[in-house]
Each structure stands twice: as C-alpha cells, then as structure tokens.
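Going by the working numbering, the first residue of the sequence shown is number 8, and it counts up by one from there. We put the CB at the ideal spot given by N, CA and C, even for glycine. Everything below concerns the one structure shown next.
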Amino acid sequence: LAHTSFKNGTVIFAEEQTKGRGRSDHSWSCPKYKGLLFTLLLKHNMQPDHLCLLTGTMAVSITETIRETLHLPAEIKWPNDILIGGKKVGGVLVAFEKNLKKQSIFLIGIGINVNFTEEDLPGQTRLPATSLAIERKEPINRNFLAKALLQDIDKWYSILKNDHYRYITDRWREFCVTIGEKLTIIDCGKEYTGKVIDISNNGGLMMKLKNGGIKIFSGEHASIKY
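Written as structure tokens, this is what we have:
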C-alpha cells in the first residue's frame, strides 16, 4: 500500500479478516460483517521511534469512541489492546515504511470486535475476548460506529500533529489499566520485572524495577509477558 498512489488519510475497509497480524505476530481473525476493520494510511514526519505515541493516539481514539458512543467502560492495555472488563475487544497495529519518494508512510491497522456472538469468539488466546454487541447486549450499527471513530481519530491526530503530546498521554493514562500492575516486560530478548508507574511523554511504559531503578520501555520493541 505504501508504494501506491494514495491521498493522505485514505481509509481502506475490509469486511472479513482471515490472516490478520497483531504485535509479535499474534494472529487476528474476524468473520464476515461482524467487525470494524480498516487500515489508515498517513504521510507524517514523525520519527519511527515515536511509533508508540501514534499507537497511543489511535488507542485513545478507539477507547473514547466506545465510551462516549456506546457508554461501555473501554480501557487500554499498553500499548495497543482495547479491553472491556479485562477482555479484548479491539487493537491497533502501526507499521512504518518509506515510499518511492522516500516519504514516511504510516499504515495503521485497526480491528474491533463489533457484532461477534459468543460462538464467534476465538478459543484460547493470550487475553480473553469479547465484542461490543456482547457487552451492550444488542447489535451495533457498524457504519455509525465507523463514522464516530473516524471523527475521533481526526480530532486526536490533529492534536498529535500540533505536537500537543501531553494531551494524548494524559488521556492515555486515564484509560490505561496497565499503570499500577506488577508484571514482566520482554525487551530485546531480556526480561524485566517490576511495577508500572506511568506512561512517558512519548508513550513509553515507565516501570520501577525490583532493584529500585526506573526504566522506560518502548512499545516498538517491548511486550508484556503472559
């Protein structure tokens, strides 16, 4: 996609996903007409090491949309999982490429379980799953949800483009269930155990380690051990 001619902000929707890929090559699938699946293409001068902040911008947008549109208590599990009641309902994957003109291209994949039934949910996964329809106990209008989400993405991405990172990280902290958790992070093949104390200004996970030291982990390289 990055090597094709497209307008900045192009959104490509899919009605089904059979071989979706998440972080660390985790699989993601969605039956026909039951999810909200799209890729957003952006030309942006953000440095690749700020990918996590772009991920957080999208996660905040999704969470805010679900909360304000459907009145469901959506939360973020750092850096890119969207949860309701501890169960995964959606996620974000941001990839970075250079096009033929050497421009920075960000491909943002978003997937949300919208009208899944209990029978549609995947079996054993690293996080239990749910859907918006299950949580609302009624079908959800996907077009209505898509419109609301794209409006929120436009709002929060404008904040990001204007370098108002603090507004994003403040909202991220508000929604993030990972803060306060004791867990193990895998970073470049090495494990670190401690308590999560904050999200840094560029979207990194700030952890107080067992030895008392403070370390910040980047979402591009680090992952939570399950």
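If you check the CB distance, G118 and G97 come in under 7 Å.
Looking at N209, V203, F123, L90, the one whose alpha-carbon comes closest to that of H171 is N209. Bridge partners of V18 according to DSSP: L47.
In this chain, the beta strand (DSSP E) harbouring K222 covers 221–224. For the region 78–157, the continuous alpha helix (DSSP H) assignments of 4+ residues that do not extend past its boundaries occur at 139–143, in sequence order. Ranked by Cα distance from L60, the first of D177, N15, G130 is D177. Check the Cα spacing between I89 and each of K50, S68, G211: the tightest is with S68.
In the three-state scheme derived from DSSP, where H, G and I count as helix and E and B as strand, M213 is classed as strand. In this structure, DSSP gives I175 a helical state, which the three-state scheme calls helix.
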